[in-house]
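>
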Ligand code: ATP
Ligand code: MN
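Numbering (my numbering), first residue to last: 13 to 490.
(1) Which partner residues of residue 484 appear in the DSSP bridge assignment?
(2) Compute the Euclidean distance between the alpha carbons of residue 118 and residue 126, then round it to the nearest angstrom.
(3) Between which residues of its own chain and residue 171 is the CB-CB distance below 7 Å, once the five residues before and five after are set aside?
(4) Less than 7 Å between the C-beta atoms of residue 457 and residue 261, yes or no?
(5) Short check: CB of residue 57 to CB of residue 144, under 7 Å?
(6) Assign residue 455 to one of three DSSP states: helix, strand, or coil.
(7) So, with DSSP's three-state summary, where would you put residue 18?
(8) State the beta-bridge partners of residue 91 as determined by DSSP.
(9) Specify whether the stretch 302 to 314 and the stretch 245 to 262 touch according to this definition: at least 3 beta carbon pairs, one from each stretch, less than 8 Å apart.
(10) Helix, strand or coil: how does DSSP classify residue 410 here?
(11) Cβ of residue 414 versus every heavy atom of the ligand ATP: is any distance shorter than 6 Å?
(12) Starting from residue 158, trace the alpha helix (DSSP H) in both directions and tell me its first and last residue.
(13) On the three-state DSSP scale, how would you describe residue 420?
(14) Applying the criterion that 16 or more other CB atoms from any shown protein chain within 10 Å of the CB defines a buried residue, is residue 211 buried or exposed?
(15) In three-state DSSP terms, what is residue 105?
(16) Can the beta-carbon of residue 254 be found less than 7 Å from the beta-carbon of residue 483?
(17) From what residue to what residue does the beta strand (DSSP E) around residue 233 run?
(18) May I ask you to check if the CB of residue 464 is nearer than 6 Å to at least one heavy atom of the ligand ATP?
(19) Locate the alpha helix (DSSP H) running through residue 337, then write down its first and last residues.
(20) What does a CB cutoff of less than 6 Å around residue 291 pick up in its chain, not counting 5 residues either side in sequence?
(21) When DSSP labels each residue in this structure, what does residue 374 get in the three-state scheme?
(22) Going straight from the alpha carbon of residue 194 to that of residue 204, what length do you get?
(23) Just mark residue 366 as buried or exposed, buried being the case when its beta carbon has 16 or more other beta carbons within 10 Å.
(24) Please return the same chain residues whose Cβ sits closer than 7 Å to the Cβ of residue 110, not counting the five positions on each side in sequence.
(25) Using 8 Å for Cβ pairs, my map puts residue 433 next to residue 394. What's the rounded Cβ distance?
(26) Taking the alpha-carbon positions, what's the residue 342 to residue 59 distance?
(27) So which of 202, 480, 153, 79 has the shortest CA-CA distance to residue 11?
(28) Could you name each continuous beta strand (DSSP E) segment of 3 residues or more that falls completely within the stretch 261 to 346, going from the start of the chain to the end?
(29) Less than 8 Å between the CB atoms is what I'm expecting for residue 469 and residue 285, so what's the real figure, rounded?
(30) Work out the CA separation of residue 332 and residue 381 for me, nearest whole Å.
(31) Should residue 3 be labelled buried (16 or more other beta-carbon atoms within 10 Å of its own) or exposed?
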């Protein structure tokens, strides 16, 4: 399909055959005996080296072959004289598709900070780091679909525009076609949303779960994988305003089945990346090791591939919220008042607590279950004690919460009671409540933030660096 890519050419055995390579110049190096051009087309982390003789091309042409320019090179594929690669291209001809003026092209062959690269998100996919991340992101997305397809799940496309707030948490982006300068008013003076596009208030979805449940109550096992929006003004390294969420929802699954699925699912998709993204993961591992060189020994992280293999090879620790609180109460940082936030039964664990459990106490991923109902969503199934719900959060080292899920309340009266208790108007959720009236069944599901998974697998530290064009407060440039 189309021209050969550098990834394929690098795998071809050199027999002086003629080849055409197309890509962007990473570096050009001139020595007494040869001119070396390193070309990359994004198909692999590896560049292909193309070699010309001094004097073979005019100085005028060579002056346009600079970092960032785009070339078509034809030549012969030969065994490489150098040590860095198996094959190289002996250049016959160069066509410059597009120049990149070195005075203004921002990506010069030196180390750029991730902060700077965020400001040039239109060009950063051309760096080794970002192209590696984007290829891994792709592989993980593919693995997600493969995993569910193989497991008999159906991909359900839930709406992006909704009139319900699944979490009941606010933090939504409004969707409207009303003229903000001439808002229609009701007699009481409120904004008259009857005149808006949908005849009611509408927002971008914060989760596909509620509609996902409708699908599960017909197809048994479904998953969604789509963009999700949260207007939370949290300027953290783990939150985006627009992120991709994977939400499986399964009829006839109880909490235990849900945990088993979540654990197996994350392990399988990470394994897929370990098998199919070796070169990119190696590159990122070396990059991290390079960064770590400046840190004291005890602050250095374990090598990326080792960390991923560890997660894949070991069972996650499972315990209840109540047990976790007991551990935290007995912990050193609690006794020495080192936690910023107080610990006690009923608190919403903050990320310092989660990270203590995962990184210090258990030293592996943890699944926490049976949280107090007050800190969880209305749709979670109430435990017999009436105090806790069948929630499960999967916590990962360096990330904190990567998955949030639960067994859903299938009892109509209990669910209606919770809806009212948390102050949601049941009329807005009539369709959701009806699934509990007509053929209700035990069911469960969870949400995995795709970028948090990519963050973990790539070993990056800021979620803004694992999505091509991040959306966060005061930023939607590209
Ligand atoms: P957190 O406490 O970390 O904000 P949450 O409790 O709001 O997470 P859920 O509503 O349970 O998260 O959403 C399910 C999953 O979606 C989370 O486990 C996380 O992986 C991901 N997620 C949630 N909010 C964001 C966000 N703003 N950006 C990226 N991923 C997110
Ligand atoms: Mn949140």
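For every residue, glycine included, the Cβ atom is placed at its ideal position computed from N, Cα and C.
The answer reads as follows:
(1) Taking the first residue of the chain shown as 1, we reach residue 484 at position 472. Residue 484 is bridged by DSSP to 487.
(2) Position 106 of the chain shown, counted from the start, is the residue given in the question as residue 118. Position 114 of the chain shown, counted from the start, is the residue given in the question as residue 126. A straight line joining the alpha-carbon of residue 118 with that of residue 126 spans about 13 Å.
(3) In the chain shown, counting from the first residue as 1, residue 171 sits at position 159. Hits under 7 Å: 217, 223.
(4) Along the chain shown, read from residue 1 onward, the residue named residue 457 stands at position 445. Along the chain shown, read from residue 1 onward, the residue named residue 261 stands at position 249. Yes, the pair counts as a contact, with Cβ atoms nearer than the cut-off.
(5) For the purposes of this step, residue 57 is identified with residue 45 of the chain shown, where counting begins at 1. For the purposes of this step, residue 144 is identified with residue 132 of the chain shown, where counting begins at 1. Yes, Cβ-Cβ distance for residue 57 and residue 144 is below 7 Å.
(6) Start at 1 with the first residue of the chain shown, and residue 455 comes out as number 443. In this structure, residue 455 counts as strand in the three-state DSSP scheme.
(7) Within the chain shown, residue 18 is the residue found at index 6, counting from 1. Helix at residue 18.
(8) As a working note, residue 91 is residue 79 in the chain shown. DSSP output for residue 91 lists 99 as bridge partner(s).
(9) Counting C-beta pairs with one atom in each stretch, the stretch 302 to 314 and the stretch 245 to 262 have fewer than three that are closer than 8 Å, which means they do not touch.
(10) As a working mapping, residue 410 is identified with position 398 in the chain shown. Residue 410: coil per DSSP, three-state reduction.
(11) Along the chain shown, read from residue 1 onward, the residue named residue 414 stands at position 402. A heavy atom of the ligand ATP is found nearer than 6 Å to the CB of residue 414.
(12) Along the chain shown, read from residue 1 onward, the residue named residue 158 stands at position 146. First-last of the alpha helix (DSSP H) with residue 158: 140 to 162.
(13) Within the chain shown, the letter at position 408 stands for residue 420. Under the three-state reduction of DSSP, residue 420 is assigned to strand.
(14) Along the chain shown, read from residue 1 onward, the residue named residue 211 stands at position 199. By the neighbour-count rule (16 or more Cβ atoms within 10 Å), residue 211 is not buried but exposed.
(15) Locating residue 105 in the chain shown gives position 93, where the first residue counts as 1. If DSSP states are grouped into helix, strand and coil, residue 105 belongs with the strands.
(16) The sequence position of residue 254 within the chain shown is 242, counting from 1. The sequence position of residue 483 within the chain shown is 471, counting from 1. Between residue 254 and residue 483, the gap from beta carbon to beta carbon is short of 7 Å.
(17) Taking the chain shown and counting its residues from 1, the one referred to as residue 233 is at position 221. Counted as a single uninterrupted DSSP element, the beta strand (DSSP E) harbouring residue 233 occupies residues 233 to 241.
(18) Here residue 464 refers to the residue found at position 452 when the chain shown is read from its first residue. Yes; taking the cut-off as 6 Å, the Cβ of residue 464 has a heavy atom of the ligand ATP nearer than that.
(19) Position 325 of the chain shown holds residue 337. Counting along the chain, the alpha helix (DSSP H) containing residue 337 begins and ends at 333 to 341.
(20) Residue numbering aside, residue 291 sits at position 279 when the chain shown is read from its first letter. Within the same chain, residue 291 has close Cβ partners 57.
(21) Position 362 of the chain shown holds residue 374. Helix at residue 374.
(22) The residue labelled residue 194 in the question sits at position 182 within the chain shown. The residue labelled residue 204 in the question sits at position 192 within the chain shown. Roughly 11 Å separates the two Cα atoms.
(23) What you label residue 366 is simply residue 354 of the chain shown in a count that begins at 1. So residue 366 counts as buried.
(24) The count along the chain shown starts at 1 and reaches residue 110 at position 98. Cβ neighbours of residue 110 beyond the five flanking positions: 81, 82.
(25) Here residue 433 is taken as the residue at index 421 of the chain shown, counted from 1. Here residue 394 is taken as the residue at index 382 of the chain shown, counted from 1. About 11 Å separates the beta carbon of residue 433 from that of residue 394, a gap too long to meet the 8 Å contact definition.
(26) For the purposes of this step, residue 342 is taken as the residue at position 330 of the chain shown. For the purposes of this step, residue 59 is taken as the residue at position 47 of the chain shown. Near 53 Å, if we compare the C-alpha coordinates of residue 59 and residue 342.
(27) An answer regarding residue 11 cannot be provided, because it is not within the stretch 13 to 490 covered by the chain.
(28) Secondary structure remark: continuous beta strand (DSSP E) runs of at least 3 residues inside the stretch 261 to 346, in chain order: 329 to 332.
(29) As a working note, residue 469 is residue 457 in the chain shown. As a working note, residue 285 is residue 273 in the chain shown. Yes, they are in contact, since the Cβ atoms of residue 469 and residue 285 sit about 5 Å apart, within 8 Å.
(30) Taking the chain shown and counting its residues from 1, the one referred to as residue 381 is at position 369. Taking the chain shown and counting its residues from 1, the one referred to as residue 332 is at position 320. Cα-Cα distance, rounded: 5 Å.
(31) Limits of the chain in this structure are 13 at one end and 490 at the other, which puts residue 3 out of reach.
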